[in-house]
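Taking it in order: structure first as structure tokens, then the write-up.
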Amino acid sequence: MDSAPASPAHDQVRALPELRLHLGALEHNVHLMADWCRAHRLELCPHIKTTMTRPVVERQLTAGAWGVTVATARQADTALSWGVRRILIANQVVHPADLALLRQRLDATPDLELYCLVDSVAGLQYARAALNGADNPLRMLVDVGVPGGRTGVRGAEEAYELGAAVAKTGDGLLLAGVAGYEGVRPNRRDAATLAAVDAHCRTTADAFASLAPLYRTPRPVFSMGGSAFPDRVADTVADLARRFRDLPLVPVLRSGCYVTHDHGTYAQVSPLPGLRPALTVRAAVLSTPEPGTAVINAGKRELPYDAGLPVLLAAYTAAGAPRPAAQATAAQIYDHHLVLTDTQGLDVGDTVDLGISHPCSAFDRWPDIAVTDDSGDVRDVWHPQFHR
């Protein structure tokens with residue numbers, strides 16, 4: 006097992022399962038990433054879809070974040086309600102209700118700096134119809150993707166054509182830069198993956214440079230997003246600055262998962278040394294139906310499983326005594342059950358702490374987060390806000 010979290014206090018009987026957030030680890034990660042971005046001359050615009058939890062976001066902003074990234078218009082509205090005034094929606098917005106909401110918020114909030122992506126003339130037309138005549142414009146970033154990937158135009162030439170179309174629109178829209186997403190391959194750092202990531206970063210940089218004469222803002226944005234390859238983004242930004250010394254730009258990194266890190270995919274791939282996993286799920290052993298098997302009272306409704314099953318970090322008796330020899334491997338997950346195999350030293354009624362992979366799939370499962378100190382005591386309860 007990994008290093009064990011603090012054991013449950015005898016006088017702290019809490020309902021299980023429970024999502025637990027170690028405040029010290031989270032604050033360490035916030036400051037480590039802020040320092041790393043400053044050292045690499047990057048602006049950090051953390052993707053808060055990871056947590057959608059106001060006390061987390063406030064700590065990121067206090068540490069110097071340039072703004073916040075969100076995935077949807079509704080998330081942008083939530084961030085605005087928290088007082089955030091620079092928001093990047095890392096998607097194209099096309100639904101009339103969403104565009105109407107953005108127009109309403111831009112009209113009502115003169116100091117709101119709102120960005121969104123665009124990857125098609127059709128998307129541009131929807132935005133133009135909704136934002137026509139707006140005094141506070143919606144800032145558009147041309148989205149550059151990869152063949153076979155998700156959204157985005159498929160090359161620098163197509164990016165230029167779309168950017169030129171954005172630049173020709175009237176009031177209400179503003180060509181503000183270019184965006185890419187360097188997580189174009191699985192989270193591995195083998196040579197082929199890094200070469201593909203680098204190629205995408207270069208294509209996005211070429212698209213940004215080609216549009217330089219058309220930007221309608223003094224400092225256009227060059228933005229890349231993802232938590233697995235921020236070092237490759239930093240290299241691309243440094244090269245872009247060398248190639249175009251007279252081209253002012255705001256290099257914006259949209260990483261999000263760093264804030265809690267994990268015990269899985271990002272622990273294996275992140276290039277930032279020193280990040281600490283801050284999330285665990287505490288649960289109970291419901292059953293030991295066969296030798297070497299234990300069933301835990303947490304499953305798909307409580308645990309992320311899209312990037313690997315949880316790992317056992319620590320176990321305790323029902324009375325709270327540590328079980329240092331306990332071992333197990335997560336083998337199968339159901340709606341509210343996790344089956345552990347190859348178990349040793351686990352009994353019915355025991356408590357286990359599980360480390361998770363991919364924090365983006367954790368917070369939205371829980372209405373409450375138990376915030377713990379270094380002793381494992383719960384000091385506060387925070388509430389993710391994915392819906393308003």
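Counting along the sequence shown from 1, when you hit position 42 you're at 47 in this note's numbering, and nothing is skipped either side. Ideal Cβ placement from N, Cα and C applies to all residues, glycine included. On a predicted model such as this, the values are computed, not experimentally measured, just so you know.
**Study point:** Burial state of residue 295, where buried means 16 or more other Cβ atoms lie within 10 Å
**Key:** exposed
message: Which same chain residues end up closer than 7 Å to residue 338 when comparing Cβ atoms and leaving out the 5 residues on each side of it in sequence?
response: 304, 305, 308, 310 and 314
To the nearest angstrom, how far is it from the Cα of residue 2 to the Cα of residue 299?
Absent from the model: residue 2. The displayed extent of the chain is 6 to 393, so no value can be given.
Q. Excluding five sequence neighbours on each side, which residues of the same chain lie with their C-beta closer than 6 Å to the C-beta of residue 331?
A. 320, 350 and 351
task: Any chance you could list the alpha helix (DSSP H) runs of at least 4 consecutive residues sitting entirely within the stretch 56-132, in chain order?
output: 59-67, 78-86 and 101-113
| query | With a cut-off of 8 Å, do at least 3 Cβ pairs link the stretch 258-278 to the stretch 225-243? | reply | yes
Subject >> C-alpha distance - residue 103 paired with residue 136, whole-angstrom precision >> reply: 12 Å
Using 7 Å as the cut-off, classify the Cβ of residue 60 as near or not near the heavy atoms of the ligand NAP, replying yes or no. The ligand content of the structure shown is nil, which means the ligand NAP is not present either.
*asked:* Starting from residue 26, trace the beta strand (DSSP E) in both directions and tell me its first and last residue.
replied: 23-27
In the DSSP assignment, the alpha helix (DSSP H) including residue 273 goes from what residue to what residue? 270-274
Whole-number beta carbon distance between residue 118 and residue 155, since they are thought to touch under 8 Å:
Contact flag wrong, Cβ pair sits at about 25 Å.
Using 8 Å as the threshold, is the stretch 121-141 in touch with the stretch 91-105, meaning 3 or more CB pairs across them?
-> yes
Cut-off 8 Å between Cβ atoms - residues of its own chain near residue 110, not counting five sequence neighbours on either side:
81, 82, 85, 117 and 119
Pair within 8 Å by beta-carbon distance, residue 285 and residue 358: yes
Q: Counting only runs of 4+ residues fully inside the stretch 262-322, write out the alpha helix (DSSP H) ranges in chain order.
A: 270-274
_Contacting residues, own chain, Cβ-Cβ under 8 Å from residue 64 (five flanking each side not counted)_ = 31, 32 and 35
Practice task
Have a look at residue 346 and residue 21 and give me their C-alpha separation to the nearest angstrom.
Solution key: 21 Å
*asked:* In this structure, how does DSSP classify residue 392 when only helix, strand and coil are distinguished?
replied: coil
Given a cut-off of 8 Å on the beta-carbon distance, is the pair residue 185 and residue 149 in contact?
yes
TODO: Give the C-beta separation of residue 220 and residue 182 to the nearest angstrom, bearing in mind that I take them to be a contact with Cβ-Cβ under 8 Å.
DONE: 7 Å
In angstroms with no decimal places, state the Cα-to-Cα distance between residue 242 and residue 175.
30 Å
query = What are the partner residues of residue 156, as DSSP defines its beta bridges?
reply = Note: residue 156 sits in no beta bridge, so no partner.
Check your understanding: Among 287, 61 and 42, which has the Cα closest to the Cα of residue 29?
Key -> 61
- Message: As an exercise, report each continuous alpha helix (DSSP H) stretch of at least 4 residues that is fully enclosed by the stretch 173-247, in chain order.
- Response: 196-215
Buried versus exposed call for residue 23 [16 or more other C-beta atoms within 10 Å across all chains shown]
buried
**Item:** For residue 52: DSSP bridge partner residues
**Value:** 74
field: Beta bridge counterpart(s) of residue 327 as assigned by DSSP
entry: 321
Nonlocal neighbours in the same chain, by C-beta distance under 8 Å from residue 76, ignoring five residues either side
52, 54, 94, 95 and 96
- Query: Who pairs with residue 257 in a beta bridge, going by DSSP?
  - Reply: 48 and 228
In DSSP terms, what residue 387 is bridged to: 374
Check your understanding: Grouping DSSP H, G and I as helix and E and B as strand, with all else coil, what is residue 369?
Key -> helix
Review point. By how many angstroms is the C-alpha of residue 91 removed from the C-alpha of residue 179?
Key: 15 Å
For residue 290 and residue 353, what's the separation of their Cα atoms in angstroms? 5 Å
Worksheet item: Does the distance from the C-beta atom of residue 287 to that of residue 25 stay below 8 Å?
Response: yes
* Asked: Which residue's Cα is closest to the Cα of residue 283: 375, 121 and 164?
  -> 375
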